[in-house]
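Engineer: In this note's numbering, the protein residues as written are 514 to 839.
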Amino acid sequence: MKILFVDIEYDYGIQARGPNTIGQLGFLASLKKLGHEVTAFYYDKYLEDLPRLQAELLKKADDVKPDLIFFIIFRDHFSTGTLDTLKSKYKTVNWFGDDSWRFESFTRTYAPHFSHCITTDKYSIPKYHKLGCKNVIRAQWAAIDCPFTHAGSYKYDVSFVGGFNQYRNWFVKQLAKMGVKVECFGHGWKNGSVSNEKMIEIFSSSKINLNLSNSASFDLRYLMSHPKNFVHSFYTKKQASQIKARNFEINYFGGFQLTDYVAGIEDYYQIGRELACYSGVEEAALLVDYYLQSDKDREQIKQAGQLMAKDRYTYTAQLKEALASL
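1. What does the Cβ neighbour count give for Ile631, buried or exposed, with the cut at 16 atoms within 10 Å?
2. Roughly how far, in whole angstroms, is the beta-carbon of Tyr828 from the beta-carbon of Asp658, given that I think they are within contact range, below 8 Å?
3. Skipping 5 residues on each side, what residues in its chain have a beta carbon closer than 8 Å to that of Glu795?
4. Take Cys526 and list the residues in its own chain whose beta-carbon comes closer than 6 Å to its own, dropping the five residues that flank it on each side.
5. Using the three-state DSSP reduction, which class does Gly531 fall into: helix, strand or coil?
6. Whole angstroms are fine: how far does the CA of Ala758 sit from the CA of Thr534?
7. Given 8 Å as the limit, is there contact between the segment 661-681 and the segment 635-650, that is, 3 or more CB pairs closer than that?
8. Considering only the beta carbon of each residue, do Asp634 and Asp612 sit closer than 8 Å?
9. Run through DSSP, which three-state label would Trp654 get?
10. Please report the Cβ distance between Ile715 and Leu771, rounded to the nearest whole angstrom; I am assuming they are in contact, meaning their Cβ atoms lie under 8 Å.
11. Helix, strand or coil, according to DSSP, for Tyr748 in the structure here?
12. Determine the contact status of Pro579 and Leu517, defining contact as a CB-CB distance below 8 Å.
13. So, using beta-carbon positions, are Ala553 and Leu566 closer together than 8 Å?
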């Protein structure tokens, strides 16, 4: 197919934060790998001039005349009028990756204005149907399928790669009180952000890779640790954890994953056989202690998890299946 790919070029549209890695190396590269003729329309430079953005996208679509326009919109940058015009002339689809917490505030407004919708949240599919959106495809975040080299030996007992927030910081400090030291990387942490290559290295050189939630927590100890935590937990729209790309990246790149339990994760992995899950900080500490001492169990789970991720949970595999449903 001839595809017009509509996305931001930089992380959250901010050049200083670096490239939008998932967009470029995940979606765009995978569409090309599948043999499609892809033209990218990056709209970062129009974020301060939305009327011009509408005009430029309509013009680009008419110039390209695509078989499909593949959107990854994450805010109200495109008017419903623009989307309706494109839908009337071309087949359009949007990847809705945050439906577990943004369906009511975001997806509900935009879903009816696309020919097809892709959601990563199976629990939202009935909501689409109630809106009259029948062309709904379930897919999932994934790993970027690219060549990589396994670290030769373990450098860290326990690591975490992801942005800093108050709950994650509290969780790591609680683990430290229980004797578990976590080396943290990402925006806001002392070690700072890391490149995609460094992230892959961390995954395979860590005995245990933590995957920490960024949703609300109602652990009383966390709420009482700072007054702002009450406000954040009660007002954030992220009231439940969601399956993220990290759930697949860690395994794909050869890491053992210890993640917070997320509803639906069992649709992708066998818990206890391909990854491990915890329900709270004490359970996380217990599992860390066990898997640091139980090399055989840890390595078996790591290897099984990697085989599953490499076989099924890459963007190429996810997009191939999703596009076949259009």
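Quick reminder that beta carbons are idealized off the backbone N, C-alpha and C, glycines included.
Structural biologist: Let me lay it out:
1. buried
2. 7 Å
3. Met691
4. Correcting the residue type first, residue 526 is Gly in the shown sequence and not Cys. The answer, listed in chain order, is Asp557, Leu560.
5. coil
6. 12 Å
7. no
8. yes
9. coil
10. No, Ile715 and Leu771 are not in contact; Cβ-Cβ is about 14 Å, not under 8 Å.
11. Residue placement at Tyr748 is flagged as unreliable, the pLDDT there being 46, under the threshold of 50; the coordinate-derived value follows with that caveat. It is helical.
12. yes
13. no
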